[in-house]
Structure formats: C-alpha cells, structure tokens
Amino acid sequence: MSNKNKKRDGIVFSTNPDFEFSSFDEETVETLPNNQQKLRIHLERKGGGKEVSIIRGFIGNDADIESLGKTLKVRCGTGGSVKDGEILVQGDNRDKILQYLLKEGYSQTKKAGG
Numbered sequence: 021m022s023n024k025n026k027k028r029d030g031i032v033f034s035t036n037p038d039f040e041f042s043s044f045d046e047e048t049v050e051t052l053p054n055n056q057q058k059l060r061i062h063l064e065r066k067g068g069g070k071e072v073s074i075i076r077g078f079i080g081n082d083a084d085i086e087s088l089g090k091t092l093k094v095r096c097g098t099g100g101s102v103k104d105g106e107i108l109v110q111g112d113n114r115d116k117i118l119q120y121l122l123k124e125g126y127s128q129t130k131k132a133g134g
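Residue numbers (this note's numbering): 21 to 134.
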C-alpha cells in the first residue's frame, strides 16, 4: 500500500461532489505565545548511559519546535533532535536551556524532576 492510500484509510467512497480529501490531511496547530508555553526540562539517560536534556510541553506547529530545537542545540554547543513533540539536547544542559528560555519570555518554564 502506498503512502497516498494510507492517508485515505477508512474512506471508501463519497457521493458529495464538493468533497475534498485534503481537508482531512493537515491539522494546523497554532503556536502559543512564549509566555503561555508551559515547558518542562527533564534529564534522562538514553542508550549507553548518556545524559539527555528533554524539553516537553511545547504547543505549536512543527516548524516552530524545530526552530527552537535548533537554537537550543546551538546555544548549548551540542547535538540533539526533535522527536514526537519533544526537544532532545545531548548532555546535562538544563541550566543553560532554562536561562535561555526565561530570557526569551518562556516565563512558565521549570526544571522537572530531581
């Protein structure tokens, strides 16, 4: 089954001549303003015992979270990624991340856990 057919899974036939399948394809998520974002910065160990700082709670579109993730990786001088609505930054960079986010107006940001 091709990707085109996977998107239509469950829709067999429509008698509506004005029916447009694309209306179901994209959900537009508006990004909340910085001061309304409730971000939490976690520290976890991933495969091999390596520490990873994880930022959770971002509400917005993919382009905005990718942009924030890239900025945080550059500020910390390390690698990372954005997956499943979470920003992963290699190493224990919680303090740097917290300082940057507070400076940028993410006033409800906190470190989570111990």
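Heads up, the beta-carbon is just placed ideally off N, CA and C, and yes, glycines get one too.
Since this is a predicted model, take the numbers as computed values, not measurements.
Sub-8 angstroms separation of residue i and residue j beta-carbons
i: glycine 77; j: arginine 60; result: yes
i: isoleucine 74; j: leucine 108; result: yes
i: lysine 93; j: glycine 99; result: yes
i: glutamine 128; j: lysine 58; result: yes
i: asparagine 36; j: glycine 125; result: no
Residue environment, residue i, which counts as buried when at least 16 other CB atoms sit within 10 Å
i: serine 101; result: exposed
i: valine 49; result: exposed
i: arginine 114; result: buried
Minimum C-alpha distance to residue i - residue among the options
i: aspartate 104; options: Asn113, Thr91, Asn55 and Asn81; result: Asn81
i: alanine 132; options: Arg114, His62, Gly111 and Asn55; result: His62
i: glycine 111; options: Ala83, Lys70 and Asp84; result: Lys70
i: leucine 121; options: Glu106, Gly97 and Leu88; result: Leu88
i: aspartate 84; options: Glu106, Lys116 and Asp38; result: Glu106
i: threonine 51; options: Gly68, Lys66 and Glu86; result: Glu86
Alpha helix (DSSP H) segment containing residue i, residue limits
i: glutamine 119; result: 114–123
i: leucine 88; result: 82–96
Helix, strand or coil at residue i according to DSSP, with G and I counted as helix
i: lysine 58; result: coil
i: glycine 67; result: helix
i: leucine 108; result: strand
i: glycine 100; result: strand
i: valine 72; result: strand
N-terminal and C-terminal residue of the beta strand (DSSP E) that residue i is part of
i: serine 127; result: Counting along the chain, serine 127 falls outside any beta strand (DSSP E), and DSSP gives it neither H nor E.
i: glycine 77; result: Taken as a continuous stretch (DSSP letters only), glycine 77 belongs to no beta strand (DSSP E), as it is neither H nor E.
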